[in-house]
Amino acid sequence: MDELLICPLCKSQHNSVFKRIHSFGCALVYYQCKQCLLVFQSANECLASDPAFYEQTYRLIYQSNEAPTPKDLLIQELRADHLMQFLMKFGLARVTRVLDVGASTGELLCAIAKKYNAQPLGVEPSRVYRQFAQAKGVPMVATLDELIHDAPEHFDLITLIHVLEHLVDPLETLLTLRQRLITDNGYLLIEVPNFYTHDSYELAHLTCFTAHHLREMLRATGYEIIQEKKHGIPRSKILNLYITFLAKPAQEIAQTHSIQGGRFVTAKRQTGMAYRKILEKALPALAWNPIDPAQHPLSSYSAE
């Protein structure tokens, strides 16, 4: 056991090797915490834990281009549309200031700002993606530290969409948002891959979240969970690839939160992935949606 290998959730140093894989030419090791059963990579071993990775390398590795591609833009547009429907179905009536951490090209921020007449702000490490968003009129900064240094007015909606699984210390980030950036009556919108159905093992995915582990992390950092949904949008009509949570700061913050460990994580992962294979074979047209910018009627980027 590596003494510096600490569980991102319960901070235990007791772990075992869960999975060894190769991703984008890199050898990865996923560990499982023996206490809470969370699966994660070691920040000391993974290339993606370097802050410069997302500024200089991430897009080149994942899409062979540091600039937004038509497919990337379409996925963001479809995801933003789904998340807006999620918020509206919940009944979110008012947003004054919205912060998107990992804002990419600002598609979700634009949608929220338009619907609620809200002031948007994005955090995005990629210079090229920041410039793309800024060209649409979305204010952007490179890091959370930069934002906090400027002591901004607090936000009544903060979003982290496919971001938490990339962070070296997701628990600390959620705590920072709770203490420094969200209003007492604000909302936190989070979406992550579902470890029981999503491939999950990727160079840039440092933590593999189950719904249970995400609930525990939110509760440990002072949030009350309001809504949750498992779904496959925009990739699939029937596979629950993702988990979306809406939470808000708890009125009373417990001094300590005893982390409740997951149960049967390995068995649930195996069962979930086996069921996914059955659905992919039996209902291929429903299992995977085509993501083609040239053919999708909702896309405003198909001609670019």
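Be aware that the sequence shown starts at 1, since it is given in the working numbering, and climbs by one per residue. Positions of the beta carbon are idealized from the N, C-alpha and C atoms, including for glycine. Keep in mind it's a predicted model, so treat the numbers as computed, not measured.
In the assembly as shown, A103 is a buried residue. Its beta-carbon has 16 or more other beta-carbons within 10 Å. Per DSSP, the unbroken alpha helix (DSSP H) holding E107 starts and ends at 107-116.
Cβ-Cβ separation between F195 and T210: approximately 5 angstroms, consistent with a contact (criterion under 8 angstroms).
In the structure shown, the three-state DSSP call for F24 is coil.
Ranked by Cα distance from K89, the options D292, R269, K34, Q227 are led by Q227. In the DSSP annotation of this structure, P51 is not part of any beta strand (DSSP E), being labelled neither H nor E.
In the three-state reduction of the DSSP assignment, Q270 falls in the helix class, which pools H, G and I. H257 sits away from L9, with the two beta carbons spaced by 8 angstroms or more. In the DSSP assignment, Q32 forms a beta bridge with S16, V39. In the structure shown, F209 adopts coil according to DSSP, grouped into three states.
The beta carbons of P170 and T197 sit about 20 angstroms from each other, so the pair does not count as a contact at 8 angstroms. A Cβ-Cβ distance of about 7 angstroms is found for the pair V39 and V265, placing them in contact under the 8 angstroms criterion.
For the pair of segments examined, the region 25-39 was found not to touch the region 173-192: the number of CB pairs separated by less than 8 angstroms stays below three. Per DSSP, I61 is not a residue of any beta strand (DSSP E); the alpha helix (DSSP H) it occupies stretches across 58-63. Take the alpha-carbon of E45 and the one of S12: they are about 18 angstroms apart. Within the model, the alpha-carbon separation for Q131 versus G232 is close to 29 angstroms. In the structure shown, Y196 falls within a coil segment according to DSSP collapsed to helix, strand and coil. In the assembly as shown, A287 is a buried residue. Its beta-carbon has 16 or more other beta-carbons within 10 Å. Straight-line measurement puts the Cα of S200 at about 32 angstroms from the Cα of V95.
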